Amino acid sequence: PVVAGGGKRLFKDGGSLKRLKLLSSKTTRTGTVILTYQPLQQ
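Quick note on numbering: this note's numbering labels position 14 of the sequence shown as 118, and the sequence is numbered without any gaps.
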């Protein structure tokens, strides 16, 4: 996954693209999905 695309910016100045590894995912009772990522070594 990458942090990029349209819509409201999450990070100032857009930042650079980062390669990420998904460590865990959890869905709450209300349907919210919590994802935890770790940057990949380059």
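Don't be surprised by glycine CBs; every beta carbon is placed ideally from N, CA and C. Since we're looking at a predicted model, the values are computed, not measured.
Distance check between Val137 and each of Ser128, Gln145, Leu144, Asp117 places Ser128 closest, using alpha-carbon atoms only. When Lys112, Thr140, Leu144, Lys116 are compared, the shortest CA-CA separation from Lys130 is found for Thr140. DSSP places Lys125 within a strand segment (E or B) once states are collapsed to three. Excluding sequence positions up to five before and after Lys125, its CB lies within less than 6 Å of the CB of Gln142, Leu144, all in the same chain and listed in chain order.
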